[in-house]
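I have placed the structure first, in the form of structure tokens, so that the comments after it can refer back to it.
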Amino acid sequence: MMLGGLPFVLYVRLVTKGSFNILHDDQVKVYLGILSIVTLALVLYLVMNDHMALEYSVVAALFNVVSVVTTTGYATTDYTLWGAFPLVVFFFITYLGGCAGSTAGGAKTMRLIVGYQVFKLQMLKLIS
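Yeah, the sequence shown ends on 127 if you go by numbering that gives the first Met the number 0, and it's all consecutive.
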């Protein structure tokens, strides 16, 4: 599922040039960073609040986060029973989606990057 959220251009590059360096693309870095941060936050929450085993928490959180972000619709557990925090997190990351040029639903990571850059530029203009 995580690979389905990556841009198809990377797969074309892999087939034609034989290289698959995903860290040269800013949207892939942001996409993987968001997945990592959200998964880590949910793992910590599950271990501390629900007293789940660490291994189970990592697998359940990672699978469900990737499923929600890429809008595939799979779930390993009923995450609605995890409490309010995971539900709020899942609600917001549903709109992120994968990278531009992927089959994932949502607003796409590139739009998030462009929105952040425009926001930063406007704040700099406002300050100066």
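We put the beta carbon where it would ideally sit given N, CA and C, even for glycine.
This one's a predicted model, so the numbers in the text were calculated from it and none came from an experiment.
Assign residue i to one of two classes, buried (16 or more other C-beta atoms within 10 Å of its C-beta) or exposed (fewer than that).
| i | result |
| --- | --- |
| Ala59 | buried |
| Leu61 | buried |
| Thr79 | exposed |
| Ala89 | According to the sequence provided, residue 89 is Phe. The question's Ala does not apply to it. Answer is buried; the Cβ neighbour count reaches 16. |
| Lys119 | exposed |
| Tyr73 | exposed |
| Leu41 | buried |
| Asn20 | exposed |
Using C-beta distances below 8 Å, list every residue in its chain close to residue i, excluding the 5 sequence neighbours before and after it, in chain order.
| i | result |
| --- | --- |
| Thr70 | Thr93, Gly96, Ala103, Gly104 and Gly105 |
| Asp24 | Pro6, Leu9 and Cys98 |
| Tyr44 | Trp81, Gly82, Phe84 and Pro85 |
Taking residue i and residue j to be in contact with their CB atoms under 8 Å, please state how far apart those CB atoms are, rounded to whole angstroms.
| i | j | result |
| --- | --- | --- |
| Cys98 | Gly32 | Not confirmed; about 12 Å, so no contact. |
| Leu34 | Lys28 | Rounded, the Cβ-Cβ distance is 11 Å, inconsistent with contact. |
| Leu137 | Val64 | Residue numbering for the chain in the displayed model covers 0 to 127; residue 137 lies beyond these limits and cannot be assessed. |
Apart from the five residues on each side of it in sequence, which residues of its chain come closer than 7 Å, Cβ to Cβ, to residue i?
| i | result |
| --- | --- |
| Ser18 | Arg12 |
Does any C-beta atom of chain C lie closer than 9 Å to the C-beta of residue i?
| i | result |
| --- | --- |
| Lys124 | No chain C appears in this structure, which consists of one protein chain only. |
Task: Complete runs of the alpha helix (DSSP H) confined to the segment 9-96 [at least 4 residues] - done: Those alpha helix (DSSP H) runs which fall completely within the segment 9-96 and span 4+ residues are 25-48, 53-68 and 83-92.
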